[in-house]
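Colleague: This is the structure I want to talk about, given as C-alpha coordinates.
In my numbering, the protein residues as written are 31 to 147.
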(Lines of atoms letter the chains of each structure in order from A; the text may use other names.)
(Lines give C-alpha, C1' and ligand atoms only; values in the text may rest on other atoms or scores of the structure.)
Protein backbone atom coordinates (compact mmCIF):
# COMPACT_ATOMS: atom_id res chain seq x y z
CA UNK A 31 0.00 0.00 0.00
CA UNK A 32 1.33 3.45 -0.88
CA UNK A 33 2.16 6.01 1.75
CA UNK A 34 -0.57 8.57 2.51
CA UNK A 35 -0.53 12.31 3.25
CA UNK A 36 -1.55 12.54 6.92
CA UNK A 37 -2.03 15.86 8.66
CA UNK A 38 -2.84 15.85 12.39
CA UNK A 39 -6.51 16.82 12.90
CA UNK A 40 -5.88 19.65 15.36
CA UNK A 41 -2.86 21.21 13.66
CA UNK A 42 -2.74 25.01 13.65
CA UNK A 43 -1.78 26.95 10.53
CA UNK A 44 1.43 28.02 12.28
CA UNK A 45 2.36 24.40 13.09
CA UNK A 46 1.47 23.34 9.55
CA UNK A 47 3.59 25.99 7.80
CA UNK A 48 6.48 26.21 10.27
CA UNK A 49 6.95 22.48 11.05
CA UNK A 50 4.76 20.00 9.20
CA UNK A 51 5.14 21.30 5.63
CA UNK A 52 8.95 21.79 5.67
CA UNK A 53 9.35 18.30 7.15
CA UNK A 54 6.96 16.82 4.56
CA UNK A 55 8.88 18.47 1.71
CA UNK A 56 12.23 17.30 3.10
CA UNK A 57 11.02 13.71 3.55
CA UNK A 58 8.94 13.26 0.41
CA UNK A 59 9.60 15.89 -2.24
CA UNK A 60 13.17 17.19 -1.89
CA UNK A 61 14.61 14.62 -4.30
CA UNK A 62 11.72 14.79 -6.79
CA UNK A 63 13.35 15.96 -10.07
CA UNK A 64 10.62 18.50 -10.85
CA UNK A 65 11.02 20.15 -7.45
CA UNK A 66 14.79 20.40 -7.55
CA UNK A 67 14.48 22.69 -10.60
CA UNK A 68 11.75 25.00 -9.30
CA UNK A 69 12.39 28.42 -7.82
CA UNK A 70 9.17 29.90 -6.46
CA UNK A 71 7.95 31.97 -3.53
CA UNK A 72 4.33 31.73 -2.41
CA UNK A 73 2.75 33.80 0.35
CA UNK A 74 -0.16 32.22 2.22
CA UNK A 75 -2.42 34.74 3.96
CA UNK A 76 -5.02 33.19 6.26
CA UNK A 77 -7.83 35.48 7.39
CA UNK A 78 -11.02 35.34 9.46
CA UNK A 79 -9.49 34.28 12.78
CA UNK A 80 -7.22 36.66 14.70
CA UNK A 81 -5.69 33.87 16.75
CA UNK A 82 -5.03 31.36 13.94
CA UNK A 83 -4.73 33.62 10.91
CA UNK A 84 -1.47 35.03 9.64
CA UNK A 85 0.94 35.19 6.74
CA UNK A 86 3.66 32.72 5.78
CA UNK A 87 6.11 33.13 2.91
CA UNK A 88 7.09 29.75 1.45
CA UNK A 89 10.24 29.63 -0.70
CA UNK A 90 10.97 26.50 -2.74
CA UNK A 91 14.49 26.42 -4.15
CA UNK A 92 16.63 23.43 -5.09
CA UNK A 93 14.11 21.04 -3.57
CA UNK A 94 14.29 22.78 -0.19
CA UNK A 95 11.45 24.70 1.46
CA UNK A 96 12.06 27.66 3.75
CA UNK A 97 9.27 29.44 5.61
CA UNK A 98 9.18 32.99 6.98
CA UNK A 99 6.25 33.86 9.24
CA UNK A 100 4.62 37.26 8.91
CA UNK A 101 6.08 38.06 5.49
CA UNK A 102 4.62 38.22 1.99
CA UNK A 103 7.23 40.42 0.30
CA UNK A 104 8.91 39.01 -2.78
CA UNK A 105 6.18 36.41 -3.41
CA UNK A 106 5.51 35.25 -6.97
CA UNK A 107 1.99 34.29 -5.89
CA UNK A 108 -0.13 35.41 -2.92
CA UNK A 109 -2.95 33.10 -1.82
CA UNK A 110 -5.52 34.63 0.54
CA UNK A 111 -7.84 32.17 2.22
CA UNK A 112 -10.18 32.03 5.21
CA UNK A 113 -8.91 29.79 8.04
CA UNK A 114 -12.05 27.63 7.84
CA UNK A 115 -11.60 27.10 4.09
CA UNK A 116 -7.95 26.23 4.73
CA UNK A 117 -9.04 23.58 7.27
CA UNK A 118 -11.54 22.10 4.78
CA UNK A 119 -8.79 21.88 2.18
CA UNK A 120 -6.58 19.96 4.60
CA UNK A 121 -9.43 17.55 5.40
CA UNK A 122 -9.94 16.87 1.69
CA UNK A 123 -6.22 16.21 1.17
CA UNK A 124 -5.82 13.95 4.20
CA UNK A 125 -5.36 10.33 3.17
CA UNK A 126 -4.34 11.18 -0.39
CA UNK A 127 -1.46 8.99 -1.64
CA UNK A 128 1.83 10.90 -1.45
CA UNK A 129 2.49 10.06 -5.11
CA UNK A 130 -0.70 11.95 -6.02
CA UNK A 131 0.32 14.94 -3.87
CA UNK A 132 3.71 14.97 -5.64
CA UNK A 133 2.00 14.88 -9.02
CA UNK A 134 -0.40 17.72 -8.16
CA UNK A 135 2.30 19.93 -6.67
CA UNK A 136 4.69 19.32 -9.56
CA UNK A 137 1.98 20.24 -12.06
CA UNK A 138 1.04 23.40 -10.16
CA UNK A 139 4.67 24.45 -9.82
CA UNK A 140 5.28 23.96 -13.56
CA UNK A 141 2.26 26.11 -14.38
CA UNK A 142 3.51 28.90 -12.11
CA UNK A 143 7.00 28.67 -13.63
CA UNK A 144 5.51 29.00 -17.12
CA UNK A 145 3.44 31.99 -15.97
CA UNK A 146 6.53 33.71 -14.54
CA UNK A 147 8.27 33.64 -17.95
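Ideal Cβ placement from N, Cα and C applies to all residues, glycine included.
(1) Is DSSP giving residue 41 helix, strand or coil here?
(2) Closest to residue 81 by CA distance: which of 106, 42 and 123 is it?
(3) Mapping the DSSP letters down to three states, classify residue 95 as helix, strand or coil.
(4) List the endpoints of the continuous alpha helix (DSSP H) containing residue 75.
(5) Are the CB atoms of residue 104 and residue 34 nearer to each other than 8 Å?
(6) Using the Cα positions of residue 91 and residue 38, report the straight-line distance between them to the nearest angstrom.
Modeller: Here's the rundown:
(1) By 1-based counting over the chain shown, the position of residue 41 is 11. Three-state result, residue 41: coil.
(2) By 1-based counting over the chain shown, the position of residue 81 is 51. Looking at the Cα atoms, 42 is the closest of the given residues.
(3) On the chain shown, position 65 is the one that residue 95 refers to. Strand.
(4) Here the question's residue 75 lines up with position 45 in the chain shown. Careful: residue 75 lies outside any alpha helix (DSSP H), inside the beta strand (DSSP E) at 69 to 77.
(5) On the chain shown, residue 104 is found 74 positions in, with the first residue counted as 1. On the chain shown, residue 34 is found 4 positions in, with the first residue counted as 1. Contact flag unset, no.
(6) By one-based count along the chain shown, residue 91 stands at place 61. By one-based count along the chain shown, residue 38 stands at place 8. Their backbone Cα atoms lie some 26 Å apart in a straight line.
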